[in-house]
Structure formats: C-alpha cells, structure tokens
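Working notes for the structure below.
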Amino acid sequence: MNRKMIFVGALLLVQCLAVGFLIYRYERVVTRGTEVRFRCQAYDPKDVFRGRYLRVTVRERAEKIPNTVTEDRYSERNKFYVRIEPSTNGLWRVAEAAYEPSAEGIWVKPKSTHVGHTVDWNDKRKDESYDDFCKRRDNSPYALQVDFPDQLFVNEKLAPKAEARLRTQGLAPIAVYRVLDGEIVITDIEVDGQSVTKLAK
Numbered sequence: 010m011n012r013k014m015i016f017v018g019a020l021l022l023v024q025c026l027a028v029g030f031l032i033y034r035y036e037r038v039v040t041r042g043t044e045v046r047f048r049c050q051a052y053d054p055k056d057v058f059r060g061r062y063l064r065v066t067v068r069e070r071a072e073k074i075p076n077t078v079t080e081d082r083y084s085e086r087n088k089f090y091v092r093i094e095p096s097t098n099g100l101w102r103v104a105e106a107a108y109e110p111s112a113e114g115i116w117v118k119p120k121s122t123h124v125g126h127t128v129d130w131n132d133k134r135k136d137e138s139y140d141d142f143c144k145r146r147d148n149s150p151y152a153l154q155v156d157f158p159d160q161l162f163v164n165e166k167l168a169p170k171a172e173a174r175l176r177t178q179g180l181a182p183i184a185v186y187r188v189l190d191g192e193i194v195i196t197d198i199e200v201d202g203q204s205v206t207k208l209a210k
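Just so we're aligned, residue 10 is where the sequence shown starts under the working numbering, counting upward by one.
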C-alpha cells in the first residue's frame with residue numbers, strides 16, 4: 010500500500026468521523042434536550058445542491074442586553090448568547106442577552122444576532138413623516154435581533170405538500186426546537202398542534 014492510498018484512507022476516515030460527530034451531537038440534543046416552541050414563518054425553497062427542506066424564519070428580540078452594546082453591527086454581530094423562557098401563551102420568548110451565559114435559566118447560542126433600535130420600520134406610524142420617524146427611532150434604546158436555526162430537512166416528496174399545508178391552514182406555524190448545553194436545533198414545524206410533515210402525508 011503506497012503513501013497516497015494511506016493518505017486518501019486517512020482523509021476519508023477523518024471526514025467520516027467529522028460527519029459522525031455532527032450526527033451524534035444533533036441526536037444528543039434531539040433526544041435529551043428541552044423542547045421549546047416559537048412562532049414562525051415557513052416555506053419550501055428549491056435548492057438543487059441541498060435538496061428539499063422547509064425554510065423557517067424565527068426572529069425574536071431581546072431588549073435586556075449588556076450596557077456596553079452599541080449599534081456597531083460588525084463588532085457586535087453574533088457574539089451573544091440569549092436566555093429563553095416560557096411565555097404565558099405556551100410558546101417561548103427571548104428574555105435577555107449576554108456575552109456569556111449565566112448559571113441560571115436556559116441559554117442558547119442563536120444562529121445569528123445583530124444590534125438595532127427597539128423602534129424599527131414596522132413601528133412607523135401612518136401619519137408620521139420620515140424625519141420624525143428617524144428621530145424617534147434614533148432616540149429609542151438598543152435591542153438585539155435574534156435569528157434561530159432555519160432549515161428543516163424533510164422527505165423530498167413531502168416538502169411541497171408540507172408547504173401547501175402551511176399556506177392553506179390559515180394558522181400561524183410554530184417552529185419546534187430542542188435545546189441542550191447552549192445548542193439549539195429545529196426538529197419540526199407544527200400547525201394547529203400537529204406536525205406539518207405528518208399532515209402532508
């Protein structure tokens with residue numbers, strides 16, 4: 010056996026171990042993690058490289074953030090952990106953000122974060138001028154915009170049916186996650202308390 014074959018074999022072994030570790034880490038969170046739910050938007054994009062999956066948009070906002078945070082979007086981007094807690098409506102919410110998690114509560118590392126003002130374009134009043142809105146926005150305190158994992162891979166045949174269900178139900182879909190040791194993974198999307206992939210069968 011020459012050196013080239015040994016090198017190729019070692020490279021394949023490393024790749025297999027890396028993939029195996031990712032699968033193990035995902036399954037560990039899924040089987041042992043705490044189940045949490047967030048309201049979301051979802052659709053089925055077409056991607057020839059990654060196959061069929063449901064794209065989930067979950068955006069939360071943390072207004073309790075470190076005092077040192079500024080709106081420097083590049084230096085502050087993706088540096089935060091967030092503490093999540095149950096809401097009164099059965100869903101979960103982001104309660105606060107920090108550079109390092111504390112010992113209390115459930116902390117996770119979001120997919121992405123960025124700093125903005127608590128007042129954004131969705132808060133612009135109909136009768137408010139652009140200049141007045143900008144002043145009100147700039148005078149509002151900072152908040153952290155949080156994005157959670159957004160791809161739920163499903164059976165190739167079920168993805169279009171699942172998206173059709175999401176569009177016709179008329180109810181807000183719920184993204185189901187599992188969290189463990191700071192990690193968060195998406196496991197399902199529910200419509201009216203039922204799995205959308207099961208509804209699509």
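Note that the Cβ used here is the ideal one computed from N, Cα and C, for glycine as well. Computed from a predicted model, the values in this text were never measured in an experiment.
Look up threonine 196 in the DSSP assignment and say whether it is helix, strand or coil.
Threonine 196 falls in the strand class under three-state DSSP.
Assign glutamate 94 to one of two classes, buried (16 or more other C-beta atoms within 10 Å of its C-beta) or exposed (fewer than that).
Glutamate 94 is exposed by the Cβ-count criterion.
With distances taken from CA atoms, which of His126, Trp101 and Tyr139 is nearest valine 117?
It is Trp101.
Buried or exposed: where does cysteine 49 fall if 16 or more other Cβ atoms within 10 Å of its Cβ makes it buried?
Per the 10 Å Cβ criterion, buried.
Near serine 149, which residues of its chain fall below 7 Å by C-beta distance, leaving aside the five closest residues on each side in sequence?
Closer than 7 Å at the Cβ level, and outside the excluded window around serine 149, lie His126, Thr127 and Val128.
Within 10 angstroms of its Cβ, does arginine 41 collect 16 or more other Cβ (buried), or is it exposed?
Under this definition arginine 41 is an exposed residue.
For the alpha helix (DSSP H) containing tyrosine 186, name the first residue and the last one.
First-last for tyrosine 186: 183 to 189, but that is the beta strand (DSSP E), not the alpha helix (DSSP H).
Can alanine 71 and alanine 184 be called in contact, C-beta distance under 8 Å?
No, they are not a contact pair.
With distances taken Cα to Cα, identify the nearest neighbour of phenylalanine 47 among Arg37, Thr66 and Val38.
Nearest of Arg37, Thr66 and Val38 to phenylalanine 47, Cα basis: Thr66.
Would a C-beta distance cut-off of 8 Å place alanine 51 and isoleucine 198 closer than the cut-off?
In contact: alanine 51 and isoleucine 198 (Cβ atoms closer than 8 Å).
Can you check the stretch 82 to 159 for any beta strand (DSSP E) of at least 3 residues that lies completely inside it and give the ranges in chain order?
The stretch 82 to 159 contains these whole beta strand (DSSP E) runs: 90 to 95, 101 to 107, 115 to 117, 121 to 126 and 151 to 156.
Are the Cβ atoms of threonine 196 and valine 155 separated by less than 8 Å?
No, they are not a contact pair.
May I have the straight-line CA-CA distance separating cysteine 143 from glutamate 80, to the nearest angstrom?
Cysteine 143 and glutamate 80: Cα-Cα distance of roughly 15 Å.
Can you tell me whether alanine 106 is buried or exposed? The criterion is at least 16 other CB atoms within 10 Å of its CB, across all chains shown.
It counts as buried.
Would you please state the rounded distance, in angstroms, between the beta carbons of glycine 191 and proline 110? I believe it to be under 8 Å.
Between proline 110 and glycine 191 the Cβ distance is about 7 Å, and since that is below 8 Å, they are a contact.
Under the assumption that valine 91 contacts valine 103 (Cβ atoms under 8 Å), give the Cβ distance between them as a whole number of angstroms.
Going by Cβ atoms, the distance from valine 91 to valine 103 rounds to 5 Å, so yes, they are a contact pair.
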